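Have a look at the structure below before the remarks.
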Amino acid sequence: MAVAVALSRLNVEHRTGGPFGAAVFDLDSGHLVGIGVNSVVRLNCSALHAEIVAVMLAEQHVHSYSLSAPGLHRHELVTSCEPCAMCLGATLWSGVKRLVCGATRDDAMALGFDEGPVFPASYDYLKHAGIEIVREVRRAEARAVLEAYQANAGPIYNP
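Residue numbers 44 to 202, in the working numbering, belong to the letters of the sequence shown in order.
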């Protein structure tokens, strides 16, 4: 989680994107496989959430469209904030076996971000698909980045 929160903090400090960071790790070795920061505004693409970027780079690194392809180790997605609806879908289809979240959906929504249709059943679906969910890891630290973004008048691009 330290990596994901640090990425989100750097993105805010350098004013290069929204207050969200993510990383994909190999669960067996602990090696970092891919990182991502929110680049929606900077690159004018609504799909470039931190989780999407991290998964994309991890899949490129392992040369597969699925992080659970035969012959690969298990992977986890660590994100500084609970995923929005789009990123939850990407989590399901990415092949990760664990999702670790920092700040909560409510923390992001308190700033004005619309996280879309995310329900308790959304997380139940991931669990049923074999994805372990771990929430509120280093939440205070991750929430502080969201608050810094708000204090710096960062744009809320999907209210």
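Even for Gly, the Cβ is constructed at its ideal location relative to N, Cα and C.
Since the model is a prediction, treat every value here as computed from it, not as a measurement.
### Message
Checking 7 angstroms against the spacing of the C-beta atoms, do residue 120 and residue 96 come in under that value?
### Response
Counted from its first residue, the sequence shown places residue 120 at position 77. Counted from its first residue, the sequence shown places residue 96 at position 53. No, they are not a contact pair.
### Message
On the criterion of 16 or more Cβ atoms from any shown chain inside 10 Å, does residue 91 qualify as buried, or is it exposed?
### Response
In the sequence shown, the residue the question calls residue 91 occupies position 48. Buried, since its Cβ has 16 or more Cβ neighbours within 10 Å.
### Query
Who are residue 69's beta bridge partners in DSSP?
Sequence index remark: in the sequence shown, residue 69 carries index 26 (1-based). According to DSSP, residue 69 bridges with 118.
#### Entry: Complete runs of the beta strand (DSSP E) confined to the region 124-148 [at least 3 residues]
141-146
### Residues that DSSP places opposite residue 175 in a beta bridge
Taking the sequence shown and counting its residues from 1, the one referred to as residue 175 is at position 132. Paired residue(s): 141.
### Query
If you check the beta carbons only, do residue 81 and residue 66 fall under 7 angstroms apart?
The count along the sequence shown starts at 1 and reaches residue 81 at position 38. The count along the sequence shown starts at 1 and reaches residue 66 at position 23. Their beta carbons are not under 7 angstroms apart, which means residue 81 does not touch residue 66 by this criterion.
### From 55, 117 and 46, residue whose alpha carbon lies closest to that of residue 174
Mapped onto the sequence shown, residue 174 falls at position 131. Nearest C-alpha to residue 174: 117.
### C-alpha gap between residue 102 and residue 111, whole angstroms
Residue 102 sits at position 59 when you count from the first residue of the sequence shown. Residue 111 sits at position 68 when you count from the first residue of the sequence shown. C-alpha separation (whole angstroms): 10 angstroms.
### Query
I think residue 123 touches residue 145, with their Cβ atoms under 8 angstroms apart; what is that distance to the nearest whole Å?
Within the sequence shown, numbered from 1, the residue matching residue 123 stands at position 80. Within the sequence shown, numbered from 1, the residue matching residue 145 stands at position 102. Indeed, because the Cβ distance is near 5 angstroms, the residues count as touching under 8 angstroms.
#### Entry: Presumed contact (8 angstroms Cβ cut-off) between residue 125 and residue 178, rounded CB distance
The residue given as residue 125 occupies position 82 in the sequence shown. The residue given as residue 178 occupies position 135 in the sequence shown. Their Cβ separation, rounded to whole angstroms, is 7 angstroms, which keeps residue 125 and residue 178 in contact under 8 angstroms.
### Task
Report, in whole angstroms, the separation of the C-beta atoms of residue 51 and residue 63, which I expect to be a contact under 8 angstroms.
In the sequence shown, residue 51 corresponds to position 8, counting from 1. In the sequence shown, residue 63 corresponds to position 20, counting from 1. Contact flag correct, Cβ pair sits at about 5 angstroms.
#### Entry: Whole-angstrom C-beta distance between residue 48 and residue 191, which should lie under 8 angstroms
The residue you call residue 191 lines up with position 148 of the sequence shown. The residue you call residue 48 lines up with position 5 of the sequence shown. Not a contact, Cβ separation roughly 11 angstroms.
### Query
Per DSSP, residue 189 is paired with what?
Stepping through the sequence shown from its first residue, residue 189 is reached at position 146. DSSP lists no partner for residue 189.
### Task
Measure the Cβ-Cβ separation of residue 150 and residue 189 and say whether it is below 7 angstroms.
Within the sequence shown, the letter at position 107 stands for residue 150. Within the sequence shown, the letter at position 146 stands for residue 189. For residue 150 and residue 189, yes; Cβs fall inside 7 angstroms.
#### Entry: Same chain, Cβ closer than 6 angstroms to residue 128, neighbours up to 5 away in sequence not counted
For the purposes of this step, residue 128 is identified with residue 85 of the sequence shown, where counting begins at 1. The beta carbon of residue 128 lies closer than 6 angstroms to those of 159, 160 and 161 in the same chain, with the five residues before and after it left out.
### Query
Roughly how many whole angstroms lie between the Cα atoms of residue 152 and residue 201?
Within the sequence shown, numbered from 1, the residue matching residue 152 stands at position 109. Within the sequence shown, numbered from 1, the residue matching residue 201 stands at position 158. If you take the alpha carbons of residue 152 and residue 201, they lie about 11 angstroms apart.
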